[in-house]
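Read the structure below first, then the notes.
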Amino acid sequence: MQEDDIRARISALVEDEHDLRQRLQAGEISTDEEHSRLRLLEEQLDQCWDLLRQRRARVEAGQNPDEAAVRPVDEVEKYLQ
């Protein structure tokens, strides 16, 4: 996945997040449904940001950014900040 594709995916996920919040305010979905769906979106966003960071680190190190790969959610979510 190219950097432009990753950024486009991030933008789409952020739009989905805003849509969920609007649907909750409009009473179209429950708080529980919003929370469970937001959690999935956040996990996907974290994976995208991680992939973007991997690609950029590879470029800085003189390596091929196309060799970066999406890591599993449990691995990305357990990073220490």
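Residue numbers (this note's numbering): 101 to 181.
All residues carry an ideal CB built from backbone N, CA and C; glycine is no exception.
Rounded to whole angstroms, what's the CA-CA distance from residue i to residue j? Just pull it up for me.
{"i": "PRO165", "j": "ARG153", "result": "10 Å"}
{"i": "ALA157", "j": "GLY127", "result": "43 Å"}
{"i": "VAL114", "j": "ARG121", "result": "11 Å"}
{"i": "ASP105", "j": "ILE129", "result": "30 Å"}
{"i": "ARG137", "j": "ALA108", "result": "20 Å"}
{"i": "GLU132", "j": "PRO172", "result": "Per the sequence presented here, residue 132 reads as Asp, with Glu not at that position. Their backbone Cα atoms lie some 24 Å apart in a straight line."}
Using a Cβ-Cβ cut-off of 6 Å (strictly less than) and excluding sequence neighbours within five positions of residue i, which residues of its own chain qualify?
{"i": "GLN147", "result": "VAL170 and VAL176"}
{"i": "GLU134", "result": "LEU120 and LEU124"}
With distances taken Cα to Cα, identify the nearest neighbour of residue i among the options.
{"i": "ALA112", "options": "ARG137, LEU145, SER136 and GLU134", "result": "LEU145"}
{"i": "LYS178", "options": "ALA168, ARG155 and GLU143", "result": "GLU143"}
{"i": "GLN102", "options": "GLN125, GLU133 and ALA168", "result": "ALA168"}
Given residue i, which residues of its chain have a CB within under 8 Å of its CB, disregarding the five upstream and five downstream residues?
{"i": "TRP149", "result": "ILE110"}
Thinking residue i and residue j are a contact (beta carbons under 8 Å), I'd like their distance in whole angstroms, please.
{"i": "GLU117", "j": "LEU141", "result": "5 Å"}
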